[in-house]
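Taking it in order: structure first as structure tokens, then the write-up.
Residue numbers (the working numbering), protein chains in the order written: chain A, 24 to 377; chain B, 24 to 377.
Printed below as a string of structure tokens:
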């Protein structure tokens, strides 16, 4: 059974793609359009054959293989794709299908949105992270140097289909990474979702738990589509998490999810230090993350770089560092200006003392 | 006196910038924001000192000088600006002021819209063309190879100010170029505007005639902000005009306005050939353009390239060539599929037989 998260600018269908409205879109809106499928080396091998076997409308599709990995989420790659679009004679009415993880959906969405001021696109996220995080909100983006998603636009796909069948193509490491955003959703607004996640086995993630996470995110995004206020709750774990990810970007040791998970721990500690979060709640969050995610080490001499990276985070309106901090499991405070000292103490507590 | 064109997503003020709401925006919405002013070598010298003398709020602004000319409306230049933004520590709440012609407002708008998924910007067009054309509609863009505005997004400035004082910095050639879009606006929807333009001296363009042109464009755009239908009337002269401009892009001999003006003549001829436009109306359009614009020559052996360029125009949904054709002075038909032969005949009539 396909469950649909329907909101102002998003339509996300969760369940088997066979029962989704993908077929009818190909048959109707896009019957006369050229189709371009964006994949990476992995989804080309693991996911594309599955779609090609099922959907006749895709047999003439052009397949563009993007190099996988965060370090390839850059303008140079976009350029090559735009040249290919020009060679294929792609026009405004044509369709881009992004089949892959967050790199593919973020970059593919941007590539589509910029070409001729906007081609339509359908996202088929294949990683757990892309399903529960990138599938709503209309964020597209690429990196600029060390800065993640420094370039991008808000643009919404015609449809997003999250089919758990593609999760079978993922390693346990990737699956664990994907759960970080789900824990975030739970801390933001649902103690019940938190309880479900505590007993979750990553090798058996159901449509229902994916649907619940997406539903939480969609409600937040709907109330604030261009990130002017409320939506900042979704930054939980990311001010620290993005800095960690930027710092390690060349080493490929930590996944996005790991960085966010540890970002949640540090930010929860910040919140506890400032008196916004009870010690009990902090311990609960910290214990669950430490239990579910592999450990992380950062030496004290690197804290300066982390702080510098945080200051450049695009959510900051001034030189102060702006956080979204949990006040309990199920609620978050936005626009919390935190001084460097408090952040350093929380980093120290998380990465050195424990 | 400042006249305001107010529409859903546009606010354009026409008249002296001294009486516009620019000062109050600097004092209120942007009092705590960093300001970046985008200029080219010409507007840095001719226009920026004027603003800097008048508006105290601009004294700490960073000035970024972009190389002038259509051939510099490219991603490489955007990249350099984004690196400068990063170095200046530009954040989401900061303000970009685009001070220049269409290259600056198109490219500056795109640069602002992509950085951190969207900085706010104010446009101060300094050329007649940018005032009457680029000031409404939210089009931003850069070129990709030979293809004009192949990359871009729809994004709207906080405010656009069209102050005729800046027209004094333009050559007669540039002023004539700017009138082409005004003739287009007249043919699209106002015989009265057409009559005014026939007696216009380019060295004395009033706020009123600029306002009237913008008003026509704003009404069209308002009814169709993302160019799905009606707005196609604005393509008049541009299917041919863009092809001509692309063809000559390296030679720098013809302005955008000249290309559009001759595009209007060829497309009017196409319309007459197809029986949509009376011979009398065609002659009226052709005579006025021939009288006001410098002549243009294109050899017959280059028609193949022009046709190929038209086929790649972003307004085409298929391999056929799609036109907006005048049916009289004051009305346009959209979505007219025209065969190559008819186009070749009109090109021949315009550039060879006459």
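Using N, Cα and C, we set each Cβ at its ideal position, and we do this for glycine too.
Beta carbon proximity, residue i to chain B, threshold 8 Å
i             : result
residue 98/A  : yes
residue 176/A : yes
residue 109/A : yes
residue 139/A : yes
residue 136/A : yes
residue 167/A : yes
residue 335/A : yes
residue 170/A : yes
residue 296/A : no
residue 102/A : yes
residue 173/A : yes
Short CB-CB distance (under 8 Å) between residue i and chain A
i             : result
residue 132/B : no
residue 162/B : yes
residue 112/B : yes
residue 179/B : no
residue 105/B : yes
Near the ligand FMN: residue i beta-carbon under 7 Å from a heavy atom
i             : result
residue 209/B : In terms of ligand content, the structure shown is empty, and the ligand FMN therefore cannot be addressed.
Sub-8 Å separation of residue i and residue j beta-carbons
i             : j             : result
residue 122/B : residue 31/B  : no
residue 261/B : residue 235/B : no
residue 378/A : residue 357/A : With chain A represented from 24 up to 377, any question about residue 378/A goes unanswered, as that position is not in the structure.
residue 263/A : residue 286/A : yes
residue 14/B  : residue 97/B  : There is no way to answer for residue 14/B, as the model of chain B reaches only from 24 to 377.
residue 333/B : residue 281/B : no
residue 88/B  : residue 64/B  : yes
residue 295/B : residue 305/B : yes
residue 436/A : residue 371/A : Outside the modelled stretch of chain A, which goes from 24 to 377, sits residue 436/A, for which no answer is possible.
residue 288/B : residue 373/B : yes
residue 222/A : residue 69/A  : no
residue 378/A : residue 158/A : Chain A is shown only over 24 to 377; residue 378/A falls outside these bounds and no answer can be derived.
residue 365/B : residue 297/B : yes
residue 272/B : residue 93/B  : yes
residue 180/A : residue 144/A : yes
residue 119/B : residue 62/B  : no
Residue environment, residue i, which counts as buried when at least 16 other CB atoms sit within 10 Å
i             : result
residue 194/B : exposed
residue 125/B : buried
residue 182/A : buried
residue 276/B : exposed
residue 110/A : exposed
residue 226/B : exposed
residue 24/A  : exposed
residue 188/A : exposed
residue 224/A : exposed
residue 268/A : buried
residue 252/B : exposed
residue 163/A : buried
residue 200/A : buried
residue 212/B : buried
residue 117/B : buried
residue 47/B  : exposed
residue 43/A  : buried
residue 76/B  : exposed
residue 41/B  : exposed
residue 197/A : buried
Chain C within 8 Å of residue i, Cβ atoms only
i             : result
residue 304/B : Absent from the structure: chain C. Protein chains present are A and B.
Segments of 4+ residues assigned as alpha helix (DSSP H) that fall wholly inside the region 189-237 of chain A: 195-212, 214-221
Sufficient close CB pairs (3 or more, under 8 Å) joining the region 240-257 of chain B to the region 323-336 of chain B: no
contact_flag[the region 172-186 of chain B, the region 128-141 of chain B] where n(CB pairs < 8 Å) is 3 or more: For the pair of segments examined, the region 172-186 of chain B was found to touch the region 128-141 of chain B: the number of CB pairs separated by less than 8 Å reaches three.
Minimum length 4: unbroken alpha helix (DSSP H) runs contained in the region 123-167 of chain A: With a minimum length of 4 residues, the continuous alpha helix (DSSP H) runs that stay inside the region 123-167 of chain A are 125-137.
Continuous alpha helix (DSSP H) assignments of at least 4 residues falling wholly in the region 29-117 of chain B: Runs found: 45-50, 64-69, 71-77, 98-111.
Given 8 Å, three or more beta-carbon pairs between the region 92-111 of chain A and the region 32-39 of chain A: no
Contact the region 303-319 of chain B vs the region 190-208 of chain B: 3+ CB pairs below 8 Å: yes
Touching by the beta-carbon criterion (3+ pairs, under 8 Å), the region 55-63 of chain A and the region 71-90 of chain A: yes
Length-filtered (4 minimum) alpha helix (DSSP H) runs lying within the region 294-340 of chain B: Positions of the alpha helix (DSSP H) runs, each at least 4 residues long and wholly inside the region 294-340 of chain B, are given as 302-315, 326-334 in order along the chain.
Length at least 3, wholly inside the region 346-377 of chain A: the beta strand (DSSP E) runs in chain order: 354-361
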